[in-house]
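Visitor: Sequence lines, in order, name chains G and E. Here my numbering is used: the first residue of the first sequence is 3, the next is one more, and so on. Here my numbering is used: the first residue of the second sequence is 28, the next is one more, and so on. Before anything else, here's the structure in question.
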Amino acid sequence: MTPDFITPVLDYLLLAPFLIVLGAACVGILVEAFVPRGGRFYTQVVVSVLGLVSALGVILWRWGSDGQGLIDPWKDNIVTGTLIIDGPAQVFWTIIFGFGLIAVISFAERRVHAGATAFTPTAAAIPGSKAESEAAQAGLIHSEIFPLALFSMAGMAMLVSANDLLMLFLGLEILSLPLYVMVGMSRHRRLVSQEAALKYFLLGAAASAIFLFGVAFLFGYSGSFAYDRLVETITFTSGGEGLLLGGIGLIGVGLLFKIGAVPFHSWVPDVYQGAPTPVTAFMSICTKAAAVGGFLRLFYVALGGFRWTWQPIFAGVAILTIFVGAIIAINQKDIKRVLAYSAITHAGFILVPLVGASTMDTGLIDGQAGSVASIMFYLVAYGFAAIGAFSIVSLVRKQGHEITDLSAWAGVGKRNPFVSVLFVIFLLSMAGIPLTAGFVGKFAAFAAAWQGGFAWLALAAILGAIIAVYIYIRVIQVMFFTEPDEGADEVELAVPGVATWIVLTVCMLGTIGLGLVPGPLLELLQNASAFIIPAK
Amino acid sequence: MTSMYAILAVILFTIGLIGFLIRRNALVIFMCVELMLNAANLLFVAFSSHYGILDGQMAAFFVMVVAAAEVVIGLSIIVMISRARRSTSVDDEILLKG
Numbered sequence: 003m004t005p006d007f008i009t010p011v012l013d014y015l016l017l018a019p020f021l022i023v024l025g026a027a028c029v030g031i032l033v034e035a036f037v038p039r040g041g042r043f044y045t046q047v048v049v050s051v052l053g054l055v056s057a058l059g060v061i062l063w064r065w066g067s068d069g070q071g072l073i074d075p076w077k078d079n080i081v082t083g084t085l086i087i088d089g090p091a092q093v094f095w096t097i098i099f100g101f102g103l104i105a106v107i108s109f110a111e112r113r114v115h116a117g118a119t120a121f122t123p124t125a126a127a128i129p130g131s132k133a134e135s136e137a138a139q140a141g142l143i144h145s146e147i148f149p150l151a152l153f154s155m156a157g158m159a160m161l162v163s164a165n166d167l168l169m170l171f172l173g174l175e176i177l178s179l180p181l182y183v184m185v186g187m188s189r190h191r192r193l194v195s196q197e198a199a200l201k202y203f204l205l206g207a208a209a210s211a212i213f214l215f216g217v218a219f220l221f222g223y224s225g226s227f228a229y230d231r232l233v234e235t236i237t238f239t240s241g242g243e244g245l246l247l248g249g250i251g252l253i254g255v256g257l258l259f260k261i262g263a264v265p266f267h268s269w270v271p272d273v274y275q276g277a278p279t280p281v282t283a284f285m286s287i288c289t290k291a292a293a294v295g296g297f298l299r300l301f302y303v304a305l306g307g308f309r310w311t312w313q314p315i316f317a318g319v320a321i322l323t324i325f326v327g328a329i330i331a332i333n334q335k336d337i338k339r340v341l342a343y344s345a346i347t348h349a350g351f352i353l354v355p356l357v358g359a360s361t362m363d364t365g366l367i368d369g370q371a372g373s374v375a376s377i378m379f380y381l382v383a384y385g386f387a388a389i390g391a392f393s394i395v396s397l398v399r400k401q402g403h404e405i406t407d408l409s410a411w412a413g414v415g416k417r418n419p420f421v422s423v424l425f426v427i428f429l430l431s432m433a434g435i436p437l438t439a440g441f442v443g444k445f446a447a448f449a450a451a452w453q454g455g456f457a458w459l460a461l462a463a464i465l466g467a468i469i470a471v472y473i474y475i476r477v478i479q480v481m482f483f484t485e486p487d488e489g490a491d492e493v494e495l496a497v498p499g500v501a502t503w504i505v506l507t508v509c510m511l512g513t514i515g516l517g518l519v520p521g522p523l524l525e526l527l528q529n530a531s532a533f534i535i536p537a538k
Numbered sequence: 028m029t030s031m032y033a034i035l036a037v038i039l040f041t042i043g044l045i046g047f048l049i050r051r052n053a054l055v056i057f058m059c060v061e062l063m064l065n066a067a068n069l070l071f072v073a074f075s076s077h078y079g080i081l082d083g084q085m086a087a088f089f090v091m092v093v094a095a096a097e098v099v100i101g102l103s104i105i106v107m108i109s110r111a112r113r114s115t116s117v118d119d120e121i122l123l124k125g
């Protein structure tokens with residue numbers, strides 16, 4: 003007996019933001035093929051900015067109408083939808099596309115690089131070869147970076163709304179594959195950039211394989227990829243705990259790797275340092291937000307019934323991540339590595355409210371800041387600070403090359419006070435000093451863990467946050483209160499072009515604005531923080 | 028019967044993981060990752076036939092497509108490195124450390 007084919011019911015309006023971004027990426031590839039070289043770069047910028055703006059527009063326009071809708075792509079009696087677009091999914095889409103848009107604008111910066119971009123003129127040429135210098139002289143530009151970023155964002159969007167283990171895996175891969183290429187496309191120091199790409203690729207591919215093996219375990223445990231079958235099996239069936247535990251462990255490794263949590267963090271500093279700085283900015287917030295979003299849905303919705311087992315494990319991971327990140331960062335000599343270790347610390351801070359979830363569907367006690375809402379706020383706050391900080395890192399130059407050695411940064415702040423003060427604001431927000439967005443984010447995150455019954459974890463995280471403050475103080479001290487060595491005068495801040503000014507302004511307004519008036523956004527996120535658990 | 032396939036899959040996966048950890052040539056490391064993916068595929072198909080459903084077999088096709096895409100990107104990165112450095116060993120000239 004062959005089962006009847008049931009036509010899938012798709013709500014295209016709900017799916018629209020995702021489809022628009024994917025469509026813009028495909029248009030980008032066609033632009034690469036058909037638009038003459040001269041106009042290609044600006045066409046790509048326009049296509050990707052338009053795509054992201056309209057995707058964001060659709061999300062905001064649908065917001066509040068019935069943004070709580072559920073889509074069932076393969077609707078039949080056994081399987082519910084493989085993608086769910088609920089409140090958290092919409093918020094994470096907004097975060098990913100919003101910060102993705104800011105990052106894409108920073109990709110378009112050309113003035114700082116004397117008419118070129120931060121990306122290599124031809125990625126295929128051997129570093130230092132004749133072909134490379136000829137391509138640079140001819141003014142070639144790799145505009146493929148824009149469609150690659152859009153594809154990556156489409157994968158991220160898939161990851162955060164996946165309601166099915168297979169979809170989760172596909173989202174993870176669509177996110178990662180373009181990133182591997184983007185990491186290797188730096189204009190200067192190409193060998194380093196290529197090495198970073200190789201490291202990221204090999205470790206990332208292994209993490210995906212481990213993740214996939216975990217998916218196979220959970221498939222064997224519940225006999226389905228759907229989250230709701232997993233919930234059912236955990237609730238009503240006994241036996242097979244070995245498969246369940248093994249599956250959770252292996253999947254956890256894969257997702258913790260993408261978040262950049264200790265002990266799966268070793269790629270973060272190398273890749274952050276080697277990647278072109280705008281790509282580092284993109285990765286630091288968008289990849290993290292996507293992985294955290296997928297993680298939240300998987301562990302709250304599908305594995306919430308098993309939380310007594312995973313909560314203590316992730317509590318340990320969170321503490322380890324915060325302290326290892328904070329302590330190693332103190333000793334770093336390269337600004338991008340300092341920011342990379344600070345990114346690891348932030349991954350730990352994000353795990354704190356994730357562990358201390360009070361209720362599993364929303365992580366929310368009535369009238370209090372819930373885990374999901376506080377994590378989303380934390381990501382927004384961190385995103386503004388991270389993208390802003392990395393944009394300024396790309397401005398500090400010596401003879402036209404980006405210089406990230408911290409010792410060369412001595413006294414930069416005194417010579418270029420205006421831009422340096424912006425940098426200080428971003429660092430203080432990362433450190434969680436009051437009146438910045440980062441403070442509110444940390445406060446909400448730790449409060450959520452406290453209310454969820456993990457007071458000891460919140461206290462340990464506060465201690466970690468105090469140690470982490472020193473990372474940023476040290477950078478500020480080097481910039482403003484250290485005299486430069488002999489011959490260090492050539493280090494200057496490049497004059498930012500329009501693109502960088504847009505990025506810096508938005509990030510500064512976000513950081514200070516959310517620090518002074520966090521209420522409306524917190525309330526909005528709180529209302530949107532309920533995961534839909536598909537009903538049988 | 029399913030448990031036999033599961034054990035085989037776990038053995039394959041372990042071989043892949045050990046190879047990933049101890050081999051020093053980027054190409055061989057990459058092959059070990061592919062072995063891990065194939066071990067997962069075997070497990071999908073075995074569980075699929077255990078439950079008498081098609082989901083796992085469908086998943087195996089998805090994984091094959093993903094693995095193929097990964098090969099394209101991975102090989103191009105490895106070729107790029109080997110042309111620039113005349114070597115594919117992951118121990119050579121480590122520039123990124125600290």
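Ideal Cβ positions, reconstructed from N, Cα and C, are used throughout, including at glycine.
Here's the rule I'm using: 16 or more other beta-carbon atoms within 10 Å means buried, otherwise exposed. How should G/Gly244 be labelled?
Guide: Looking at its Cβ environment, which holds fewer than 16 other Cβ atoms inside 10 Å, G/Gly244 is exposed.
Visitor: Where does G/Gln70 land, buried or exposed, given buried means 16+ other C-beta within 10 angstroms?
Guide: In this prediction, G/Gln70 has a pLDDT of 45, which is less than 50 and means its spatial position is unreliable; nothing more can be read from the coordinates.
Visitor: Under 8 Å by Cβ, that's how I've got G/Ala387 and G/Ser431 pegged, so tell me the actual separation to the nearest angstrom.
Guide: About 4 Å separates the two Cβ atoms, so the contact holds.
Visitor: Does the beta-carbon distance from G/Val505 to G/Ile98 come in below 7 Å?
Guide: Their beta carbons are not under 7 Å apart, which means G/Val505 does not touch G/Ile98 by this criterion.
Visitor: In the stretch 249-280 of chain G, which residue ranges form an unbroken beta strand (DSSP E) of at least 3 residues, counting only runs that do not cross its ends?
Guide: With a minimum length of 3 residues, no continuous beta strand (DSSP E) run stays inside the stretch 249-280 of chain G.
Visitor: Please check if any C-beta of chain G sits within less than 7 Å of the C-beta of E/Leu70.
Guide: Output row for E/Leu70: interface = yes.
Visitor: Does any heavy atom of the ligand COA sit closer than 6 Å to the C-beta of E/Ala95?
Guide: Because no ligand of any kind appears in the structure shown, any question about the ligand COA cannot be addressed here.
Visitor: Determine the DSSP secondary structure at G/Asn418, reduced to helix, strand or coil.
Guide: Note: G/Asn418 maps to coil in three-state DSSP.
Visitor: Does chain E have any CB closer than 7 Å to the CB of G/Tyr182?
Guide: By this cut-off, G/Tyr182 is an interface position.
Visitor: Contact criterion: CB-CB distance below 7 Å. Does G/Gln196 meet it with respect to chain E?
Guide: Output row for G/Gln196: interface = yes.
Visitor: For G/Gly241, would you say it is in contact with chain E, using Cβ-to-Cβ distances shorter than 7 Å as the test?
Guide: Answer no: the Cβ-Cβ gap between G/Gly241 and chain E never drops below 7 Å.
Visitor: Measure from the C-beta of E/Leu39 to each C-beta in chain G and report whether the shortest distance is under 7 Å.
Guide: Not one chain G Cβ lies under 7 Å of E/Leu39.
Visitor: In the stretch 84-117 of chain E, which residue ranges form an unbroken beta strand (DSSP E) of at least 3 residues, counting only runs that do not cross its ends?
Guide: For the stretch 84-117 of chain E, not a single whole beta strand (DSSP E) run of length 3 or above is found.
Visitor: Any Cβ of chain E within less than 7 Å of the Cβ of G/Asp272?
Guide: For G/Asp272, the answer is yes, since a Cβ of chain E falls inside 7 Å of its Cβ.
Visitor: For G/Arg113 and E/Leu39, I'd like the C-alpha separation in whole angstroms.
Guide: So the alpha carbons of these two residues sit roughly 52 Å apart.
Visitor: Following the continuous beta strand (DSSP E) through G/Val185, name the residue where it begins and the one where it ends.
Guide: Element bounds for G/Val185: not the beta strand (DSSP E) but the alpha helix (DSSP H), 167-185.
Visitor: Residues of chain E with a CB under 7 Å from the CB of G/Ile128: which are they?
Guide: Residues of chain E passing the Cβ test: Arg110, Ala111.
Visitor: From the beta carbon of E/Gly79, is the nearest beta carbon of chain G less than 7 Å away?
Guide: No, because no Cβ of chain G sits closer than 7 Å to the Cβ of E/Gly79.
Visitor: Beta strand (DSSP E) containing G/Lys400: first to last residue?
Guide: G/Lys400 -> beta strand (DSSP E) spans 398-400.
Visitor: Would you say E/Met91 reaches chain G, if we count a Cβ-Cβ gap shorter than 7 Å as a contact?
Guide: E/Met91 does not count as touching chain G.
Visitor: Less than 6 Å between C-beta atoms, sequence neighbours within five positions excluded: which residues of the same chain meet that for G/Ala263?
Guide: Once the five neighbours on either side are set aside, the close Cβ partners of G/Ala263 are Val319, Thr323, Ala349.
Visitor: Between which two residues does the alpha helix (DSSP H) harbouring G/Tyr302 extend?
Guide: No alpha helix (DSSP H) contains G/Tyr302, which DSSP labels as neither H nor E.
Visitor: Is DSSP giving E/Asp119 helix, strand or coil here?
Guide: Three-state result, E/Asp119: coil.
Visitor: G/Ala383 and G/Gly443 look like a contact to me (Cβ under 8 Å); what is the Cβ gap, rounded to whole Å?
Guide: Contact flag correct, Cβ pair sits at about 4 Å.
Visitor: Measuring only the C-alpha atoms, how far is G/Asp368 from G/Asn529?
Guide: Confidence at G/Asp368 is low in this model, with a pLDDT of 48, below 50, so the placement of that residue should be treated as unreliable; the coordinate-derived value is given next. Their backbone Cα atoms lie some 11 Å apart in a straight line.
Visitor: What does a CB cutoff of less than 8 Å around G/Gly216 pick up in its chain, not counting 5 residues either side in sequence?
Guide: Hits under 8 Å: Gly248, Gly249, Ile250, Gly251, Leu252, Ile253, Gly254, Val255, Gly256.
Visitor: Thinking C-alpha only, which one of G/Ile464, G/Val233, G/Arg189 is nearest G/Gly306?
Guide: Nearest option by C-alpha distance: G/Val233.
Visitor: Report buried or exposed for G/Tyr302, applying the criterion of at least 16 other Cβ atoms within 10 angstroms of its Cβ.
Guide: Buried, by the Cβ-count rule.
Visitor: What three-state label does DSSP hand G/Leu495 in the structure shown?
Guide: G/Leu495 falls in the strand class under three-state DSSP.
Visitor: So which residues of chain G does E/Leu64 contact, with C-beta pairs closer than 9 Å?
Guide: Per Cβ cutoff of 9 Å: Ala207, Ser210, Ala211, Leu214, Phe215.
Visitor: What does E/Phe88 touch in chain G if you count any residue whose Cβ is under 9 Å from its own?
Guide: Simply none; closest approach about 11 Å.
Visitor: Leaving out five residues on either side along the sequence, give the residues of the same chain with a beta carbon under 8 Å from the beta carbon of G/Val508.
Guide: Only Ile104, Phe386 meet the Cβ criterion.
Visitor: Please list the partners that E/Asp82 has in chain G, where partner means a Cβ-to-Cβ separation under 7 Å.
Guide: Those are Ser226, Phe227, listed as they occur along chain G.
Visitor: Would the beta-carbon of E/Phe57 fall within 7 Å of that of E/Gly101?
Guide: Result yes, Cβ atoms of E/Phe57 and E/Gly101 sit closer than 7 Å.
Visitor: Quick one: what's got a C-beta closer than 6 Å to G/Pro520's C-beta in the same chain, skipping five residues either side?
Guide: Here the set comprises Val442.
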